[in-house]
Amino acid sequence: GENVEQHPSTLSVQEGDSAVIKCTYSDSASNYFPWYKQELGKGPQLIIDIRSNVGEKKDQRIAVTLNKTAKHFSLHITETQPEDSAVYFCAGLRGYQKVTFGTGTKLQVIP
Amino acid sequence: GAVVSQHPSWVICKSGTSVKIECRSLDFQATTMFWYRQFPKQSLMLMATSNEGSKATYEQGVEKDKFLINHASLTLSTLTVTSAHPEDSSFYICSARAGQTGSPLHFGNGTRLTVT
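From first to last, the protein sequence lines are chains F and C. Okay, so the first sequence: first residue is 1 according to our numbering, each after it adds one. Okay, so the second sequence: first residue is 1001 according to our numbering, each after it adds one.
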């Protein structure tokens, strides 16, 4: 099955700086990679996703890049704000298979 | 769009009792829903896949007789924790897919279960 590794487990950045979270996956047939943001006591919220036929996708301050050859994808948050502080999970999915989540990254944005 | 509602958001129960958690897709039909369990500071662990009109598929190590799942309609799945014990205390989260393969998963806001 799919195995998704996520780094770093914790990340502290100053407000206004950029944050990058990286994930690697094992199943070369995976074709869909979502990113979720989870605030304390809440369920994960989809913030951006990318499919395997695209190398990069951007939505305002958030972007995701995908390198299929190396089997890794990254979340980029620019101009970070305190409200970006949360736990972020990457995930990989192939077809109808269950979603495999990364281990999570706790992001702290310091005002 | 694609809202998943989970109820209750928190519940406290005594050991030996059963607790039912509901997961509803409010503005779409979900043939498949998923139930997860999350321990503090850990990732989501898939417990089972809930299929409308058929039996749920449980992950290895998850007791199907303890965690009863019913997917009675295209918009409702329920998880019942039977004969709850303190070690069942956890954060339970459901999710649903709005479309077919490769469609985004949308999550409920979770249920914090505390068994005393």
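Glycine residues also receive a C-beta, built at the ideal position from the N, C-alpha and C atoms.
{"Item": "Pairwise C-alpha distance: Asp27/F and Glu2/F", "Value": "5 angstroms"}
{"Item": "Endpoints, the beta strand (DSSP E) within which Gln14/F is located", "Value": "Thr10 to Gln14"}
{"Item": "Asn1109/C at chain F interface by Cβ criterion, 7 angstroms", "Value": "yes"}
{"Item": "Listed by chain order, chain C residues near Lys34/F by CB distance under 9 angstroms", "Value": "Position check: residue 34/F holds Pro in this sequence, whereas Lys was assumed. In chain order: Pro1104 and Leu1105."}
{"Item": "Exposure label - Ile1012/C; buried when at least 16 CB within 10 Å", "Value": "exposed"}
{"Item": "Ser1050/C classed as buried or exposed, judged by whether at least 16 other C-beta atoms fall within 10 angstroms", "Value": "buried"}
{"Item": "Per-residue burial, Val1003/C [other beta carbons within 10 Å of its own, 16 or more giving buried]", "Value": "exposed"}
{"Item": "Anticipated Cβ contact below 8 angstroms, Ser1015/C with Pro1104/C, distance rounded", "Value": "The Cβ separation is near 38 angstroms, so there is no contact."}
{"Item": "Residues of the segment 43 to 71 of chain F with Cβ closer than 9 angstroms to any Cβ of chain C, in chain order", "Value": "Gly43, Pro44, Gln45, Leu46, Asp49 and Arg51"}
{"Item": "Beta carbon proximity, Val4/F to chain C, threshold 7 angstroms", "Value": "no"}
{"Item": "Given 8 angstroms, three or more beta-carbon pairs between the segment 11 to 26 of chain F and the segment 96 to 106 of chain F", "Value": "yes"}
{"Item": "Within 7 angstroms, strictly: CB atoms of Ser1018/C and Thr1116/C", "Value": "no"}
{"Item": "Residue-chain proximity (Ile1093/C, chain F), Cβ-Cβ < 7 angstroms", "Value": "yes"}
{"Item": "Spatially closest choice to Ala1098/C from Lys1020/C, Asp1027/C, Pro1008/C and Cys1023/C, by CA coordinates", "Value": "Asp1027/C"}
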